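Chains as they are written, first to last, in the working numbering: chain Z, 1 to 270; chain A, 1001 to 1557.
Taking it in order: structure first as structure tokens, then the write-up.
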């Protein structure tokens, strides 16, 4: 089975390059370690500040989008900061050699902390406790659900669906349930199918690993990597559908809850 | 035949060279240029006459848009449809600051001037890419810029370069040494003003615009004395209360109404008119606080070349609520329309419509969509859009095409007088537009909402489109996946060059759109190609990622 990686596609790029410890502890000595502005009113003030200062690049609701270059900030994980103090610094000072400009040394601490508070409030994976059993879900994952036929978790399983080793970092509980019952709902283009037809009529289909103006690359059902030119001898078409079966019928609601609990537990850090 | 400029008579010689190259252009433009043998003196002063006749010395690229009519068409034809497949890399220049590289370099007699993020410029040997000098502009740490630390290029008059800087200054730099000659504050950057576009030389003036449409500025176009940096005139793009058009803004909303001028305009020497596009009214997405047409936002202005006085204006998007800046390069071309030769202006607008205007009068001649749009039924007989209901931004989000980034954007189009086609980088996509109440605070972002694209970019469609300016019809398109933010160049080799965000640089057949050559250079693109020649060798340059690449044919051919 397969689910797509995220509702919000920029998160894929963001998460792919996540690194911890981007902010040297020494450099933070001048900042308070703990955010003193974390009330509900601070969230609202932070949102107002965000819309005024940050939304042009990061989107009105911080989910990226727009046509801009700013990444999704709603995943609870940040490429250049792994703590509130780190976020504070990034917002104040920007990120060198990127388009991320800081608000500047003159920005007041309260506003910066309120922005941190607002961003923390957006984490789609923070809320909720799964009702199902993670252990039972793990059994389903490898057993009745047959998920490892396509998916990999921590190096075990197959490659023709997204690697789910840290899917809990990216998906809220409700998203995971949707993924199971309606795989097409928020399918990422990475998991579309490309169908190529050769000059002799031979047909090759595979998952759309990447596509650009002149070429595309796929993984076929046998997990072979194949590359094609759009202006060569082959014709091609895109099939914008998931290859994953929906589990609305084949798993009971309780089983799906267990599976969701297991997927939600899959994190890059314990 | 070759000409070797004598440094002591360089002005005269350059005119002679210009005349001769003009005469020989029809024969073989690349071969007709002056020869700079090894060690020869390069770079003779660029007079106003040379700028007026820039098309006649196609081995040089003397201004941002190539020529004053901004066709971005070069008469160079050494690289053509038959041999473009043999292009090879000649040199590359790495830009140290990683940000959006949006430069169009100039080439003057074998010297190339490249601007770099954030507001720097350097001079290199156009044959090797190796530097003569560089100028690094000092910048404050609290800039107000909406869209990356970028600079799109310099202009040149005589031996002096003129450059916009992100702290809203205009600087004059010696073209031989890189020394700063003068630096003039155009506006206070702390209030949200910034400068990114190459200025336009008009006679002895430096005409230059301003950015800051997301900060509640009041836009203007300025002219400065090229020698002294003294301001000669300022024409506000939002008229003051003493002007009747001020009443197209509710209350005091004109004071923070944006309407910036952040892309380089054009000039018609016969009509003595400067043409310049204006950006969005502010706040971008909350039009309720600025009821009215919001003149002269989202317009093209035709201004007297000596005084800046307005001759006419044409507003593409009255009362814009979708951030559809009319920040496109005004392309000036004489076209046959209904058996008459018309002095026309060709304009593919961010709002999704293509327009042909009469550039003497501003009269609307024709227009139709060239990209997906869902906000208007069409254009009326005066070119005014017939708006559809329920397309305004809202609290819950309103789905409208084009996206805020537009059916096209500031990416330079090109026009070929050989094919009579206009080449435009187009985008078909839709976005959710949100409106929010927002108070104006000086120096803060002032957009009144935002936008989100509901689907991954792969769901939308991007293409280079060839538009017939006599009908507005799209003659062909070349699809791009997933999209492009590059400008376009057309050449007498009947080629169209452009690039795409996936890092390809490519050449199309200007008549059919057939791809003839491409190379993957691996970085996102925010720039536009240009071409030049030195010693009979034609080059084509393009910035991909943070590297400027220069290609040419094998010199042994």
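Backbone N, C-alpha and C define an ideal beta-carbon position, used for all residues, glycine too.
Everything numeric in this text was worked out from a predicted model, so none of it was measured.
So what does DSSP say about residue i, is it helix, strand or coil?
| i | result |
| --- | --- |
| residue 1509 of chain A | strand |
| residue 1520 of chain A | strand |
| residue 1061 of chain A | strand |
| residue 1404 of chain A | coil |
| residue 260 of chain Z | helix |
| residue 10 of chain Z | Confidence in residue 10 of chain Z is poor, its pLDDT being 36 and thus under 50, which makes the residue's placement unreliable; the coordinate value appears in the next sentence. Looking at residue 10 of chain Z - three-state DSSP - the assignment turns out to be helix. |
| residue 272 of chain Z | Given that chain Z is displayed from residue 1 to residue 270, the structure contains no residue 272 of chain Z and the question cannot be resolved. |
| residue 1330 of chain A | coil |
| residue 1052 of chain A | helix |
| residue 1244 of chain A | helix |
| residue 1160 of chain A | strand |
| residue 1289 of chain A | helix |
| residue 62 of chain Z | coil |
| residue 1038 of chain A | coil |
| residue 1338 of chain A | coil |
| residue 1320 of chain A | coil |
| residue 30 of chain Z | Caution applies to residue 30 of chain Z, whose pLDDT of 45 falls short of 50 and renders its modelled position unreliable; the value that the coordinates give is listed next. It is coil, neither helix nor strand. |
| residue 1076 of chain A | coil |
| residue 1 of chain Z | Reliability fails at residue 1 of chain Z, whose pLDDT of 39 lies under 50, so the model's placement of it is uncertain and no value is given. |
| residue 1469 of chain A | coil |
| residue 1436 of chain A | coil |
| residue 1012 of chain A | Low per-residue confidence applies at residue 1012 of chain A: pLDDT is 41, beneath 50, and the placement is therefore not dependable enough to give any value. |
| residue 1353 of chain A | strand |
When the distance is taken between beta carbons, is residue j closer than 8 Å to residue i?
| i | j | result |
| --- | --- | --- |
| residue 1535 of chain A | residue 1488 of chain A | no |
| residue 1262 of chain A | residue 1305 of chain A | no |
| residue 1407 of chain A | residue 1472 of chain A | no |
| residue 1525 of chain A | residue 1462 of chain A | no |
| residue 1362 of chain A | residue 1313 of chain A | yes |
| residue 1135 of chain A | residue 1180 of chain A | yes |
| residue 1219 of chain A | residue 1184 of chain A | no |
| residue 169 of chain Z | residue 129 of chain Z | no |
| residue 1174 of chain A | residue 1160 of chain A | yes |
| residue 1119 of chain A | residue 1137 of chain A | yes |
| residue 1157 of chain A | residue 1195 of chain A | no |
| residue 1283 of chain A | residue 1448 of chain A | yes |
| residue 261 of chain Z | residue 137 of chain Z | yes |
| residue 1328 of chain A | residue 1410 of chain A | yes |
| residue 1348 of chain A | residue 1413 of chain A | yes |
| residue 1446 of chain A | residue 1393 of chain A | no |
| residue 1533 of chain A | residue 1517 of chain A | no |
| residue 1193 of chain A | residue 1216 of chain A | no |
| residue 1540 of chain A | residue 1079 of chain A | yes |
| residue 226 of chain Z | residue 192 of chain Z | no |
| residue 181 of chain Z | residue 234 of chain Z | no |
| residue 1551 of chain A | residue 1102 of chain A | no |
| residue 1443 of chain A | residue 1169 of chain A | no |
May I ask you to list the residues that DSSP assigns as paired with residue i?
| i | result |
| --- | --- |
| residue 1114 of chain A | A:1122 |
| residue 1258 of chain A | A:1218 and A:1281 |
| residue 1552 of chain A | A:1088 and A:1539 |
| residue 1201 of chain A | A:1206 |
| residue 1358 of chain A | A:1344 |
| residue 194 of chain Z | Z:206 and Z:238 |
| residue 104 of chain Z | According to DSSP, residue 104 of chain Z bridges with nothing at all. |
| residue 1485 of chain A | Bridge partners of residue 1485 of chain A: none, in fact. |
| residue 74 of chain Z | Answer by DSSP bridge pairing: none, since residue 74 of chain Z is not bridged. |
| residue 1515 of chain A | A:1508 |
Output yes if chain B places a C-beta closer than 8 Å to the C-beta of residue i; else output no.
| i | result |
| --- | --- |
| residue 1438 of chain A | Checking the listed chains, one finds no chain B in this structure; the protein chains it contains are Z and A. |
Below 7 Å between beta carbons is the criterion; list the residues of the region 185 to 196 of chain Z that meet it against any residue of chain A, in chain order. Of all residues in the region 185 to 196 of chain Z, only 188 and 189 place a beta-carbon less than 7 Å from a beta-carbon of chain A.
Taking beta-carbon pairs under 8 Å, can you tell me which members of the region 1141 to 1167 of chain A lie near chain Z? Of all residues in the region 1141 to 1167 of chain A, 1141, 1142, 1143, 1145, 1146, 1147, 1148 and 1149 have a Cβ within less than 8 Å of some Cβ in chain Z.
Ignoring anything shorter than 4 residues, give me the alpha helix (DSSP H) runs that lie fully in the region 108 to 162 of chain Z, in order along the chain. Here the runs fully enclosed are 109 to 121 and 134 to 142.
Any residues in the region 1098 to 1121 of chain A with a beta carbon nearer than 8 Å to a beta carbon of chain Z? Which ones, in chain order? Within the region 1098 to 1121 of chain A, the residues whose Cβ lies closer than 8 Å to some Cβ of chain Z are 1098, 1099 and 1100, listed in chain order.
At a CB distance below 7 Å, what residues from the region 1497 to 1511 of chain A approach chain Z? Give them in sequence order. Listed by position, the residues of the region 1497 to 1511 of chain A near chain Z (Cβ gap below 7 Å) are 1500, 1502 and 1504.
If contact means a Cβ-Cβ distance below 9 Å, which residues of the region 80 to 92 of chain Z contact chain A? Those residues of the region 80 to 92 of chain Z that come within reach of chain A (Cβ to Cβ, closer than 9 Å) do not exist; the list is empty.
Note down, in chain order, all residues in the region 1457 to 1478 of chain A with a beta-carbon under 7 Å from any beta-carbon belonging to chain Z. Of all residues in the region 1457 to 1478 of chain A, only 1458 come within less than 7 Å of chain Z when Cβ atoms are compared, listed by chain position.
Taking only beta carbons into account, state which residues of the region 1389 to 1414 of chain A come closer than 8 Å to chain Z, listed in chain order. Going along the region 1389 to 1414 of chain A in chain order, one finds 1403, 1404 and 1405 with a Cβ nearer than 8 Å to chain Z.
If we require 3 or more residues per run, which beta strand (DSSP E) segments fall completely within the region 1359 to 1400 of chain A? Annotation: the region 1359 to 1400 of chain A contains the following complete segments of the beta strand (DSSP E) (minimum length 3 residues), in chain order: 1364 to 1369, 1376 to 1379, 1385 to 1387 and 1398 to 1400.
Please specify which runs of the beta strand (DSSP E), each continuous and at least 3 residues long, are wholly inside the region 1129 to 1160 of chain A, giving them in chain order. Counting whole runs of 3 or more residues, the region 1129 to 1160 of chain A contains the beta strand (DSSP E) stretches 1131 to 1136 and 1155 to 1157.
List, from N- to C-terminal side, the beta strand (DSSP E) runs of 3 residues or more that fit wholly inside the region 1166 to 1195 of chain A. 1169 to 1174 and 1180 to 1185, all fully within the region 1166 to 1195 of chain A.
If the cut-off is 7 Å on Cβ atoms, which residues from the region 118 to 142 of chain Z count as contacting chain A, listed in chain order? Listed by position along the chain: nothing, the set is empty.
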